[in-house]
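**Student:**
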Amino acid sequence: MSRQNTRRDFLKTTAALGVTAWAANSFAAEESKSPNEKVAYACIGIGGKGSSDSADAAAHGQIVAICDVDRRTLEKTGSRNGFEDAQQFEDFREMLNQLGDKIDAVTISTPDHIHAPAAAMAMKLGKACFAQKPMTHTVWEARRLQDIAKDKGVKTMMGNQGTAHDGLRRAAALLAGGHIGRVKAAHIFTNRPVWPQGGERPEPAEVPDYLDWNLWLGPAPERPYTQGYHTFKWRGYWDFGTGALGDMACHTFNMPFMGLHLANPTSIQATCSGHNQDSYPQSSKIEFVFNHPKGDGTLPVSWYDGGNTPDE
Numbered sequence: 641m642s643r644q645n646t647r648r649d650f651l652k653t654t655a656a657l658g659v660t661a662w663a664a665n666s667f668a669a670e671e672s673k674s675p676n677e678k679v680a681y682a683c684i685g686i687g688g689k690g691s692s693d694s695a696d697a698a699a700h701g702q703i704v705a706i707c708d709v710d711r712r713t714l715e716k717t718g719s720r721n722g723f724e725d726a727q728q729f730e731d732f733r734e735m736l737n738q739l740g741d742k743i744d745a746v747t748i749s750t751p752d753h754i755h756a757p758a759a760a761m762a763m764k765l766g767k768a769c770f771a772q773k774p775m776t777h778t779v780w781e782a783r784r785l786q787d788i789a790k791d792k793g794v795k796t797m798m799g800n801q802g803t804a805h806d807g808l809r810r811a812a813a814l815l816a817g818g819h820i821g822r823v824k825a826a827h828i829f830t831n832r833p834v835w836p837q838g839g840e841r842p843e844p845a846e847v848p849d850y851l852d853w854n855l856w857l858g859p860a861p862e863r864p865y866t867q868g869y870h871t872f873k874w875r876g877y878w879d880f881g882t883g884a885l886g887d888m889a890c891h892t893f894n895m896p897f898m899g900l901h902l903a904n905p906t907s908i909q910a911t912c913s914g915h916n917q918d919s920y921p922q923s924s925k926i927e928f929v930f931n932h933p934k935g936d937g938t939l940p941v942s943w944y945d946g947g948n949t950p951d952e
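Okay, so the sequence shown: first residue is 641 according to our numbering, each after it adds one.
1. Drop a sphere of 10 angstroms on the beta-carbon of residue 794, count the other beta-carbons inside from all chains shown, and report buried for 16 or more, exposed for fewer.
2. Let me know the beta strand (DSSP E) ranges lying completely inside the stretch 864-941, each 3 residues or longer, listed in chain order.
3. Please state the DSSP three-state secondary structure of residue 803.
4. Hey, how far is the Cα of residue 723 from the Cα of residue 822?
5. From residue 910 to residue 878, what distance separates their C-alpha atoms?
6. If you measure between the beta carbons of residue 622 and residue 684, is that distance less than 8 Å?
7. Taking only the alpha-carbon atoms, compute the straight-line gap between residue 700 and residue 693 and give it to the nearest angstrom.
8. According to the neighbour-count rule (16 or more other Cβ atoms, all chains shown, within 10 Å of its Cβ), is residue 851 buried or exposed?
9. If you compare alpha carbons, which of 899, 894, 892 and 859 is closest to residue 881?
10. Whole-angstrom Cβ separation of residue 944 and residue 837, contact assumed at under 8 Å?
11. Verify whether the separation of the beta carbon atoms of residue 863 and residue 835 is less than 8 Å.
12. What's the C-alpha gap between residue 717 and residue 689?
13. Could you tell me the alpha carbon to alpha carbon distance between residue 711 and residue 831, rounded to whole angstroms?
14. Hey, would you say residue 948 sits closer than 8 Å to residue 925, going by beta carbons?
15. Pair every Cβ in the stretch 898-909 with every Cβ in the stretch 727-747, then say whether three or more of these pairs are closer than 8 Å.
16. State the beta-bridge partners of residue 828 as determined by DSSP.
17. Return the bridge partner residues of residue 847 from the DSSP annotation.
18. Of the residues 946, 931, 937 and 906, which one's Cα is nearest the Cα of residue 922?
19. So residue 799 packs on residue 829, CB below 8 Å; how close in whole Å?
20. Which ranges does the alpha helix (DSSP H) cover as unbroken runs of at least 4 residues, wholly within the stretch 720-804, from first to last along the chain?
21. Ends of the alpha helix (DSSP H) at residue 698?
22. Give the single residue among 950, 906, 810 and 682 whose Cα lies nearest to the Cα of residue 930.
23. Could you check whether residue 743 and residue 759 sit closer than 8 Å to each other, using their CB atoms as the reference points?
24. In angstroms with no decimal places, state the Cα-to-Cα distance between residue 786 and residue 728.
25. Hey, residue 781 and residue 756: beta-carbon distance below 8 Å or not?
26. Do residue 764 and residue 788 have their beta-carbon atoms positioned less than 8 Å apart in this structure?
27. Helix, strand or coil: how does DSSP classify residue 682 here?
28. Report yes if the CB atom of residue 802 is closer than 8 Å to the CB atom of residue 808, and no otherwise.
29. Could you tell me which residues DSSP puts in a beta bridge with residue 705?
30. Taking all protein chains shown into account, do 16 or more other C-beta atoms lie within 10 angstroms of the C-beta of residue 820, making it buried, or fewer, making it exposed?
31. Would residue 833 and residue 884 qualify as a contact pair, given that the criterion is a beta-carbon distance under 8 Å?
Shown next as structure tokens:
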């Protein structure tokens, strides 16, 4: 187990990887394994979606280490079948520094703002990397990870369970094949957010004794703990999550994007309510305009969240 980290300790190792991440010793990438050997996984973030991600890793390989800033989650996961021999860590930097030569691949299922720092460090060490969606918190982070992956020649994957199954890919293929005729417009809507957005920042509260709040914050600006950030409501805050659009568009917007071979939009117009500097809007309607995939005209694609739906 790691000691309780101070904020100063935490920020001393910032930025060495170029993604507002935290420094690591260098390890050479492990030589290729025999096909008969199990892949050695380290799992970073094992609560929530991380519970099933780590279970999937255990089903196909050996879990050598688990990492979570919540000691309750560590203890619970460590008692599960397939995890009994895994070393436990609260700080993924310590885990990768200590066990880098024993790890082949990592899974990352943390809040969004930790994806890039954890992935960058793992890939710098030559580890294959699976990171939950969204791949990163910012576009710049995504470009930086692309550079690292190319430089190190490591295998990467973004976790997106909808796209990973045949149903969505089949629908995208039908669109691409023109089986529903010419697409004139697309409307995409969701019941998200199902967490607070657009309101005032909650009152500070005492940090639970099972949670390392400094590690949870990671590279995000310092702020007091409040009930709800951990384990779910962080999604609605600029510093930690990506809001309703970032949480759900990867499951819904990606189908027309893939099936219609859309590129960058030519224009975007957003109408929002409840916006503030701390959290994403309570609701939004976003109008994207793309060049039509048929090569003539444009294709409007509309996104709705927070109770907004297409007009009748």
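Where is the CB? At the ideal position from N, CA and C, for every residue including glycine.
**Tutor:** Concretely, from the data shown:
1. The Cβ neighbour count for residue 794, taken over all protein chains shown within 10 Å, is at least 16; the residue is labelled buried.
2. Runs of the beta strand (DSSP E) inside the stretch 864-941: 907-913 and 923-931.
3. Secondary structure at residue 803: coil, using DSSP grouped into helix, strand and coil.
4. 51 Å
5. 17 Å
6. Because residue 622 is not part of the residues shown, which for the chain are 641 to 952, the question remains open.
7. Each residue's alpha carbon lies about 11 Å from the other.
8. Buried, by the Cβ-count rule.
9. 859
10. Cβ-Cβ separation between residue 944 and residue 837: approximately 14 Å, too far for a contact (criterion under 8 Å).
11. no
12. 13 Å
13. 32 Å
14. A contact, by the Cβ cut-off of 8 Å.
15. no
16. 943
17. Its beta-bridge partners do not exist; DSSP assigns none.
18. 946
19. Incorrect: roughly 23 Å between the Cβ atoms, too far for contact.
20. 732-739, 752-764 and 779-792
21. 689-700
22. 906
23. It is not a contact, given that the beta carbons lie outside the stated cut-off.
24. 29 Å
25. yes
26. yes
27. Here residue 682 sits in strand by DSSP.
28. Closer than 8 Å, so yes.
29. 682 and 727
30. exposed
31. One thing to note: residue 833 has its Cβ within 8 Å of the Cβ of residue 884.
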